[in-house]
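Numbering (UniProt numbering), first residue to last: 1 to 266.
The beta-carbon is built from N, C-alpha and C at its ideal position, and this holds for glycine as well.
All figures in this text were calculated on a predicted structure; none of them were measured in a lab.
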Amino acid sequence: MAKITVLVNGANGRMGREVVKAVLNDPDLSLVAAVDRSGEGMDAGILAGMPACGVTLSTDLAQTMETTHPMVMVDFTQPQAVFGNVQIALEHKVAAVVGTTGLSEEQLAQIRLWTEQNATSCLVAPNFAIGALLMMRFAREASRFFPHVEIIELHHDQKLDAPSGTAIKTAELIQEERQALQQGHPQEKELINGARGAAFEGMRIHSVRLPGLVAHQEVIFGSVGQTLVIRHDSINRESFMPGVLAAVHRIREVSGLIYGLENLLF
Ligand code: NAD
């Protein structure tokens, strides 16, 4: 079977380097291009802590696509850049696997249109860790019985957006499952702005940013005389790679926009 050719965008970033390593180690995938706004001309393999692979970093995504013709782009760049990157990929009929968070509802609707216009596909996944997907699934289930819930997400202090895409997705899933509910005391008053976290459909989401953390989340349910905590920890960035690779393998078998890895895998 012919190998799936892959372009990694953000290849000099923390996630991008991990993806480069995972792609190089997968016998069914071929790394054909690596793009980043930094590190131009450097070997992507060496940046990822592997032997040189002969693919050097370039900065112009569109031009790189035209010269290397990848089948799939994996994007781990930054919230301000991802929408434009996805547009370039889809207009070049390159399927996109997107881990970068921060895309709005309107942008997702536009991405869906581009996949239809270009007969291609795009996966946007707030979290590629399979354990995190299970956490979300279990949280959704628990909220049927424990509708009072708060979410605490914890990430490294270089993360730009808050709350995390995973926290928002978890809250959306809970909201779909439980009856509408305004939690907390109606006269609750914050003595310091933000003390109660972000408000989402009656529940609260709290974001912790500290060095030493990777990606963690607790979903805490409270009921009469009992609490239930569902927690997931990504201890290192390798935790995301089985999900990323599964997505790269499958993305061209589907069409349109898929939001959430669970909708591609489960
Ligand atoms: P990072 O800052 O280490 O890496 C981002 C890289 O993208 C940098 O090398 C930067 O130079 C590059 N970049 C920025 N703008 C660019 C552009 N326009 N074109 C090309 N390259 C560009 O960040 P990171 O920790 O690797 O995270 C990247 C993104 O992935 C963030 O949005 C983060 O929230 C998200 N993330 C998602 C998951 C998931 O499972 N979905 C997991 C971890 C991180």
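Taking the C-alpha atoms as reference points, what is the distance between residue i and residue j?
i: Val219; j: Met136; result: 9 angstroms
i: Ile192; j: Val55; result: 51 angstroms
i: Glu238; j: His92; result: 29 angstroms
i: Leu210; j: Asp157; result: 5 angstroms
i: Ala142; j: Leu257; result: 28 angstroms
i: Met71; j: Cys122; result: 12 angstroms
i: Val94; j: Lys189; result: 50 angstroms
i: Ala119; j: Leu103; result: 21 angstroms
i: Ala129; j: Val149; result: 22 angstroms
i: Ile151; j: Asp75; result: 27 angstroms
i: Glu18; j: Val224; result: 44 angstroms
i: His155; j: Thr77; result: 17 angstroms
i: Asp43; j: Gly84; result: 25 angstroms
i: Gly45; j: His69; result: 19 angstroms
Compare the Cα-Cα distances from residue i to each of the options and report the closest residue.
i: Pro51; options: Met71, Asn25, Val229; result: Asn25
i: Ala198; options: Ala171, Phe221, Leu213, Gln179; result: Ala171
i: His216; options: Ala132, Gly222, Met203; result: Ala132
i: Gly16; options: Ala195, Ala2, Asp36, Val86; result: Asp36
i: Gly260; options: Arg204, Val97, Lys21, Ser234; result: Val97
i: Val229; options: Ile4, Arg140, Glu40; result: Arg140
i: Ala62; options: Val244, Asp43, Val86, Gln78; result: Val86
i: Gly1; options: Val254, Arg14, His249; result: Note that residue 1 is Met in the sequence shown here, rather than Gly. Measuring from the Cα of Met1, the nearest candidate turns out to be His249.
i: Leu181; options: Leu160, Val124, Thr166, Met203; result: Met203
i: Gly184; options: Ala81, Lys169, Phe200; result: Phe200
i: Asn236; options: Thr227, Val214, Val244, Ile111; result: Val214
i: Leu57; options: Ala167, Gly41, Val23; result: Gly41
i: Gly212; options: Asp233, Arg196, Gly222, Gly194; result: Asp233
Can you have a look at residue i and say buried or exposed, based on whether 16 or more other CB atoms are within 10 angstroms of its CB?
i: Pro147; result: buried
i: Leu29; result: buried
i: Pro186; result: exposed
i: Pro163; result: buried
i: Asn9; result: buried
i: Ile205; result: buried
i: Ser38; result: exposed
In terms of DSSP beta bridges, what is residue i paired with?
i: Gly54; result: Gly54 pairs with nothing; no bridge assigned.
i: Ala33; result: Leu7
i: Gly256; result: Ser121
i: Asp75; result: Asn9, Val98
i: Ile235; result: Paired residues: none, contrary to the question.
i: Arg209; result: His155
Using 8 angstroms as the limit for Cβ to Cβ distance, is residue i near chain C?
i: His148; result: Any reference to chain C falls outside this structure, which holds one protein chain only.
| task | Would you list, in sequence order, the uninterrupted alpha helix (DSSP H) runs of no fewer than 4 residues that lie entirely inside the region 146-197? | result | Runs of the alpha helix (DSSP H) lying entirely within the region 146-197, each at least 4 residues long, are 165-177 in chain order.
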